[in-house]
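All remarks here apply to the structure that follows.
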Amino acid sequence: MSKAKIPGDDPGFRLTRRSLLFGTAAGTLGSALASNPAMAAALSANAASSNGDTVDLSKELPFYGSAEQTGIMTPPQRYAIYMTFDLTSAKRADLQVLLARWSGAIAQLVKGQTIGPVEPARANGIGLDTGEALGLGPASLTVTVGLGPNVFTDTYGLAGKKPPLLRNLKQLPSDALQPEFTGGDLSLQACADDPQVAYHAIRDLARIAKGIGAASTRWTVLGFGRASAGKGQSTPRNLLGFRDGTRNVRSADEFENFVWIKDGPAWQRHGSYQVVRKVQMHIENWDTDRVSDQNNVFGRQKLSGAPLGGDKEFDTPDFHKKGSDGQLVIPATAHIRLAAHENNGGVKILRRSFNYTDGINRYGQLDAGLLFICYQNDPAHFELLQAKLGASDALNEYTSHIGSAIFFVPPAPQPGHYIGEQLFT
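Note that numbering that gives the first Met the number 0 gives residue 351 to position 352 of the sequence shown, counting from 1, and the numbers run on in steps of one.
Here you go:
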C-alpha cells in the first residue's frame, strides 16, 4: 500500500482511494446517540413486514458507481438515523479529509464490513470500528451525505462552488423551530432494514468526524417504520394511522423532472436538495377526535386510504366533487387537497420520511412524530407546498414543525474518488 497523504490547502491536491481511511477515528459520539426509546420500537427485520414488503438482510447497495447517491431513489428501508453536524475546523484540508474518509468508510459499511480493526493488536489500543454490527450483514444500508450552506463560503474557499439554489429556508407559517433541532453544516442519512446496522454506521462516521477534529454532532433523530412509500412498495402508515406517500414521486421521469439537478456545472448534476423537518405530533389530542373528523383532516379514508369520494387508495382525488349538502367532499383544508400537484402548478417533491419517538415528554404525553425528509431540484418547491399547508392545513392543529435544515446532496462518487471531490479541484 502506498503511503497515504493528508491534503493541504492546495486546491489541486487529489486524494487516492487508498488514502481515504488514513488516520485514527478517535473520539466518542457522546450524548447525541445516547439511549433512545426509538430503538425499543425497532422490531426484528428478518420476517415479512406488516405491509407485505419482504426483507433480505444480505442485500448490498454499493456506494460507488451510480450517478446519484443511494438513499434517495432507493426504495425506503425500514429504519433510519438522521444526524447533522457543525463544522469545528476552519481548515479546508480538514473538510476534504473528512469527506474522503467518510466516503471510504461508507463504502465498507454498505458491504456489511468493518471500517478497520474492532480489536486492535495492542492490548491498550482503540478499535477503529465499534463492532456492534458484526455478523448482521449489509441490510440494504445506504448512507447519504449532505452539504449545508456554510460549507460553500470563503472560509473553505468554496463560495464560487455554491449550488445556485442552496440557501437557508424562508420562514414558514408552520415554523415552531427549536434551535436544538435546527440547522447544520453536514448531514448523514443512514437507512437500513436492521436498526443496529444504521446505528453502527452513524456512530462510526461520527467518531471519524470527531477524531479528525473537523465536525461535531448537532442533532439527530432515530426513525422507524418508514412513513412514505417508494416504487414497488405498499404504502405505510404514519403515527396518526393514515397511509403516507400514496402519490409520492416514483417513476424515472418524475425523478428527472422534480428531484435531480439538471442545470449548472456537470459535477452538480444528479445531485438534489434535501430538506428535513422534525414534525412533532400531538398524538393524545388526535386520538380523542372522531375518525370521521380525522378523515376530513387528511381527505382520505383511514382504513382503505381512498380519497374521500373514491373507492380505492390510488383513485385520483376529485377536488371538485360536492356532496348532497353542497359542500366539497374533500374539504378545502384537507391535507391532500393543499399538497396535491394539481393545485400547486404541477409541483411534486420526493417524500422519504420515517416515524420517530422520543419517549414521554415532561407533560407525561407521547413525544413522537414524523422525521420528514424530502428531495427536490429546487428548495422553493418545498417552500411553496409548506407555505400553503402551514397557512391552511387542518392537520396543523395536531402537529408542530420543531426542527428544520437544508442541504445540497452531491452526486455519488465514482470508484477511486470521494464525495464532493470536485469541490477541491
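C-beta: ideal position from N, C-alpha, C; glycine also.
Predicted model, so just to flag it, every value in this text is computed and none were measured.
- For S102, the enclosing alpha helix (DSSP H) stretches over residues R91 to L108.
- Excluding five sequence positions before and after P306, the CB atoms of its chain that fall closer than 7 Å to its own CB belong to G298, R299, D314, P316, I329 and I335, given in chain order.
- Residue L239 holds the alpha-carbon nearest to the alpha-carbon of D288 among L239, D262 and G309.
- Collapsing the DSSP output to three states places N354 in a strand.
- In this structure, W101 places its C-beta atom within 7 Å of the C-beta atom of L204.
- In its chain, beyond the 5 residues on either side, P74 have a beta carbon closer than 8 Å to the beta carbon of G231.
- Put simply, of V220, L127, D153 and R217 the residue whose alpha carbon is nearest the alpha carbon of P116 is L127.
- T154 sits close to A89, with the two beta carbons spaced by under 7 Å.
- In this structure R77 touches G224 by the C-beta definition: roughly 7 Å separates them, less than 8 Å.
- Annotation for D366: Q279, T356, D357, G358, I359 and N360 place their beta carbon closer than 8 Å to its own, counting only its chain and skipping 5 residues before and after.
- By the Cβ test, the stretch 385-401 is not in contact with the stretch 252-263, since fewer than three Cβ pairs between them sit closer than 8 Å.
- Bounds of the alpha helix (DSSP H) holding W285 are I282 to D286.
- When the Cα atoms are used, P264 and K160 turn out to be separated by approximately 9 Å.
- Of F407, I80, G124 and L86, the smallest CA-CA separation from G270 is found for F407.
- DSSP, read as helix, strand or coil, puts I114 in coil.
- The C-beta of Q375 has 16 or more other C-beta atoms within 10 Å across all chains shown, which makes the residue buried.
- Of all C-beta pairs linking the stretch 54-73 to the stretch 126-141, three or more are shorter than 8 Å, placing the two stretches in contact.
- In this structure, the CA atom of Q177 is about 11 Å from the CA atom of W218.
- Judged by DSSP in its simplified three-state form, I372 adopts strand.
- Between N247 and R350 the beta-carbon gap is near 5 Å, inside 8 Å, which marks them as a contact.
- Sorting A92, T152, L369 and P194 by C-alpha distance to the C-alpha of F241 places L369 at the top.
- With a threshold of 16 other beta carbon atoms within 10 Å, P410 meets it and is buried.
- Within the stretch 133-158, the runs of beta strand (DSSP E) that reach at least 3 residues and sit entirely inside it are, in chain order, 141-146.
- For I211, there is no enclosing beta strand (DSSP E); the enclosing alpha helix (DSSP H) covers residues P194 to I211.
- Three or more beta-carbon pairs drawn from the stretch 167-175 and the stretch 374-392 are found closer than 8 Å, and the two stretches are therefore classed as touching.
- Judged by pairs of C-beta atoms under 8 Å, the stretch 178-187 does not touch the stretch 62-72, as fewer than three such pairs exist.
- The beta-bridge partner set that DSSP reports for Y63 is empty.
- Classified as exposed, H319 has fewer than 16 neighbouring CB atoms from the shown chains inside 10 Å of its CB.
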